[in-house]
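Chains as they are written, first to last, in the working numbering: chain A, 48 to 556; chain B, 344 to 755.
We treat Cβ as the ideally placed atom computed from N, Cα and C, and that holds for glycine.
Notes follow the structure.
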Amino acid sequence: MYGSNTMPLDPPTPDSLPVNEAWQPLPPDQWREDAAAHLLRRISFSANPAIVRSILKHPIRRVLSRFYGETRPLKTSAACEAFAASLPQAYFELYNTIKDPKERRQRRQQLNRENNKFFREFAMDWYAHARDEANSAQEKFVLFLHDILVIDRRKVRDAPTLIDYQHLLRKGIQTTYPQLCKAVSRHPGMLIYLDLKESTAQKPNENFARELFELFVLGEGNYTETDVKEAARAFTGHRLGKRTIYSFNPRAHDSGLKTIFGQRGRWNGDAVIDLAFQQPAARTFFIRELIKFYLTDGELPHEAYIEALGEQWAAHNFQIRYLIFTLFESRLFFHPAYRGNRVKSPTQFYIGLCQDLNLAIVPFQGRLLQSMRSMGQDFYNPPNVRGWQYGQHWINSTTIRARRQVVDYAFSPLYENYLNGNEKKALADARAANQSNFKISEDRLKPLLAQSNTALTQHLCNFFITERFRDTYQTRVSELIGDTAAKGALNRTRNTLMALLQSPAYNLC
Amino acid sequence: MKQPDPSLPLTRREFLRGASGIGFMAFSGFAPAFLARSAMAQNPAPEKDRTILVIIQLAGGNDGLNTVIPHVDDNYYKLRPNLALRKGLLPLDDHQALHPALGGLHRLFDSDRLAIVQNVGYPNPNRSHFRSTEIWETASDGDSYHSSGWLGRYLDNTCSGTPTPEADPAAIHIGDITPQSYLAEQPQAIFGVQAKGRRKGRRTLADHAFEELLDTEHNEGNASYLQQTMLNTHITERRIETIIARYKPAVPYPKTPLGNALLRISALIHADAETRLYFASQGGYDTHVRQLNNHARLLGQLSDAMAAFQADLAANRKDDQVLTMTFSEFGRRPAENGSRGTDHGTAAPLFVMGKNVNGGLIGSAPDLNLRAKQDLRYSTDFRGVYSTILDQWLQSDSTHILGERFNPVPFI
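The following block contains the structure:
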């Protein structure tokens with residue numbers, strides 16, 4: 048009963064894995080199926096055996112270059128682009144030309160309705176985009192950046208601004224982290240989210256300066272209250288016209304002397320970001336976040352590893368691609384202690400499930416968005432400015448129930464007669480776009496029964512769970528499936544597969 | 344293959360012992376931690392008349408100066424040219440008044456059911472939402488870091504709180520996020536009640552397969568944690584949902600998220616659940632911009648929900664068992680900002696509600712004679728409030744849980 052893989056594995060220490068080796072690329076002879084599956088599960092959402100085989104034909108660096116190559120943008124509809132183009136004028140009229148309070152209220156409501164409509168459309172487009180295996184790694188990295196450089200829908204509201212901000216992050220993969228921070232500090236989404244648009248020389252608002260230091264670049268304890276107050280003065284003067292258009296107003300900017308991190312000067316916002324990146328903490332803060340997102344939701348690796356990578360990263364001007372390539376092909380990344388024990392985020396759980404089962408994203412907006420919300424990852428709405436917390440924080444009685452329901456739903460019939468008008472239309476549209484696989488039907492399960500019990504058990508365990516759990520699960524899965532030729536085998540297989548997808552092992556990657 | 348009983352067992356005992364139950368206890372070498380320990384524990388007699396604590400979090404940082412208003416202090420109006428409230432204030436004494444939206448709480452104040460502890464904070468205030476929330480929930484002094492919450496440590500400290508297989512959860516929270524206050528060093532039976540109800544159907548064959556897979560060993564961190572949570576959820580959810588679905592409150596509750604949350608808590612208290620700790624949260628208090636209407640709406644929802652809850656408890660004669668306390672990670676700056684809002688500040692008042700409270704204004708009001716950009720200086724340490732609750736309401740040992748002795752605050 049006791050599988051060797053379930054024993055806890057000690058994380059590496061500088062004694063067992065010297066610091067200068069930890070960030071070296073994985074030796075080519077270790078670039079095998081288990082390693083490739085680990086890479087795919089961690090940097091994207093699932094490890095389809097066919098894709099595992101295809102990436103093994105190339106060195107890791109080539110694989111990474113392909114995943115993080117040219118930015119693959121999210122396509123939005125023509126209607127959505129037209130709405131984005133009309134938004135500044137709509138706000139101009141709302142703020143300036145419409146005097147009648149009743150009409151203004153109506154216009155505002157209409158704008159809200161359109162924003163909601165295009166936001167939901169955007170959400171659906173994003174899930175479909177991320178579900179495409181060619182985009183998964185890129186979009187997972189967008190999720191990571193968004194979890195640091197947080198803005199949310201609750202406060203920003205305008206769908207076009209949210210879409211554009213997400214694209215800024217997507218392009219950010221190809222730039223340096225300081226440059227990305229500077230771009231973010233001028234983006235309308237951030238100007239709204241952290242109140243920069245309200246911040247003037249007379250009344251500086253500290254929100255952005257504080258989060259820049261605490262959550263984007265340095266971390267708690269690496270700056271003083273004075274640094275925040277002075278930096279807030281430097282970030283004054285950003286204005287937002289018509290709620291959509293950035294400009295800099297020198298008259299609202301405090302150009303006086305400020306002392307930040309002990310350095311005195313007439314710093315502006317960009318200069319503050321440069322000063323922050325001169326702090327030693329900037330070398331390691333982002334790396335710790337990256338490691339928490341991709342490598343482990345448990346204890347962080349030994350500080351010596353993190354500091355060594357920080358030195359290298361700083362020497363490469365905080366280039367994001369340099370950092371992620373170094374991490375994702377490193378020996379530390381593939382260390383056995385970091386395999387198969389990370390709790391999947393709800394987004395990974397859902398998109399990974401669709402990829403694993405070869406299902407299209409369910410075309411019903413309300414259902415999908417509600418599922419994500421109950422699993423604890425409301426699209427574009429992290430709980431607060433700190434973003435989502437990972438690991439065991441994803442798991443509680445409520446979210447676990449929601450994950451089980453997502454699996455139940457994938458295995459239940461579509462019940463087309465019970466769909467409402469919008470859902471029927473969405474389904475017809477999806478089918479017209481050549482999508483049809485929304486459910487696991489009996490027809491899709493039947494071919495599995497051509498195999499023996501042993502072969503089917505191995506197939507399911509290899510496909511869906513990591514090597515860590517295979518030994519312990521195989522016995523039980525085999526018992527549950529029983530004879531694949533005997534009566535009831537289809538039902539037993541279906542129930543076993545559902546249970547496997549609801550099991551602790553499938554919730555880990 | 345054994346056929347499962349179609350109905351889901353309602354207690355852990357049934358689950359463990361019933362014909363359909365799965366053999367957790369028999370499984371050599373491993374059982375979920377709370378089951379393993381409870382097998383050794385002395386089962387205490389159920390204590391249904393124990394005191395209960397309900398915590399309401401006002402997330403985002405509630406503006407204390409516009410909650411309990413120092414309306415005769417000229418400084419208040421100087422600090423808040425746009426945000427000072429002048430009309431409809433609900434008087435507490437000659438100097439202080441409640442926000443006009445807090446009518447329900449004001450009536451409770453007048454009938455001695457509400458204590459208002461003024462100007463509560465801690466020595467080195469932190470203005471980050473997360474850190475300050477963490478300081479409050481872990482009962483830190485602002486400089487030290489604790490991995491467990493103050494109520495989690497209370498659970499760790501209370502022998503009789505050791506979960507038994509058939510016990511109700513030790514602590515319940517409403518909604519998706521387990522509050523940091525509940526984080527404990529030892530595994531504790533903590534349950535999140537869904538904010539919206541859902542009825543689960545009969546136990547299916549797929550459920551049975553799921554139970555079989557749960558019954559394999561998962562003896563590592565995250566896997567074990569998942570297994571325990573899944574098991575606990577599986578058993579507890581149906582029982583609790585039945586209780587909530589059957590409950591008919593004595594008074595109507597406002598149809599707000601907080602109203603729904605307190606209604607659920609009332610249902611569980613009414614059903615004599617052994618749970619002694621409940622936690623609900625109301626968000627939206629981070630009022631940096633144009634706060635007047637938003638803040639009034641939030642306080643109105645808070646007051647209406649708390650008043651309904653207290654009336655319901657009284658009608659069911661449970662009010663002498665329950666103490667309800669609010670907290671927020673910080674108050675806001677005394678001076679308004681340039682956006683008709685307020686930025687993150689320090690001390691603020693909090694409410695303690697119950698039949699057994701010493702109603703009234705407790706502690707001293709903040710001194711508003713401040714220079715520009717100066718913050719309030721707290722006069723009551725929040726850990727003093729906790730120590731009073733731990734010692735005098737939960738009959739525990741606050742020194743052990745908080746690490747030092749604090750002066751009690753006379754609201755009980």
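Beta carbon proximity, residue i to chain B, threshold 7 Å
i	result
T519 of chain A	yes
I447 of chain A	yes
Q482 of chain A	no
M419 of chain A	no
V390 of chain A	yes
Q395 of chain A	no
A546 of chain A	yes
Collapsed DSSP secondary structure at residue i in the structure displayed
i	result
R167 of chain A	helix
G446 of chain B	helix
H591 of chain A	The structure shown does not extend to residue 591 of chain A, since chain A is modelled only from 48 to 556, so the question has no answer here.
I198 of chain A	coil
Y568 of chain B	helix
Y596 of chain B	coil
V409 of chain A	coil
K305 of chain A	strand
G411 of chain B	According to the sequence displayed, residue 411 of chain B carries Val and not Gly. Three-state DSSP puts V411 of chain B in a strand.
S624 of chain B	strand
R311 of chain A	strand
S124 of chain A	coil
L426 of chain B	coil
Q400 of chain B	strand
F534 of chain B	strand
S631 of chain B	The amino acid at residue 631 of chain B is misidentified as Ser; the sequence shows His. Coil, per DSSP.
H349 of chain A	coil
Chain A contact for residue i (CB, 7 Å cutoff)
i	result
R582 of chain B	no
Y568 of chain B	yes
E560 of chain B	yes
G681 of chain B	yes
H631 of chain B	yes
G407 of chain B	no
T689 of chain B	no
Residue i, buried or exposed, once every other Cβ within 10 Å from all chains shown has been counted against 16
i	result
V415 of chain B	exposed
R100 of chain A	exposed
A388 of chain B	Because A388 of chain B sits at a pLDDT of 38, beneath the cut-off of 50, its placement in the model cannot be relied upon, and the point is left open.
N484 of chain A	exposed
I578 of chain B	buried
I496 of chain B	The residue you asked about is not Ile; residue 496 of chain B is Arg in the sequence shown. Buried, since its Cβ has 16 or more Cβ neighbours within 10 Å.
N67 of chain A	exposed
P522 of chain B	buried
L304 of chain A	exposed
A593 of chain B	exposed
N750 of chain B	exposed
N143 of chain A	exposed
F332 of chain A	buried
D199 of chain A	buried
D406 of chain B	buried
P466 of chain B	exposed
Between the CA atoms of residue j and residue i - distance to the nearest angstrom
i	j	result
G535 of chain B	T394 of chain B	20 Å
E557 of chain A	Y456 of chain A	Shown here, chain A extends from 48 to 556; a query on residue 557 of chain A therefore has no answer.
S550 of chain A	I520 of chain B	21 Å
D172 of chain A	V409 of chain A	11 Å
I515 of chain B	Q529 of chain B	16 Å
L370 of chain A	S183 of chain A	19 Å
N542 of chain A	S488 of chain A	12 Å
T283 of chain A	R298 of chain A	9 Å
A575 of chain A	K218 of chain A	No statement about residue 575 of chain A is possible, as the shown extent of chain A runs from 48 to 556 and does not include it.
R581 of chain B	R448 of chain A	12 Å
A248 of chain A	A281 of chain A	9 Å
T445 of chain A	M422 of chain A	7 Å
- Curious, which full-length beta strand (DSSP E) runs of at least 3 residues does the region 664-726 of chain B contain? 665-670, 691-696, 703-705
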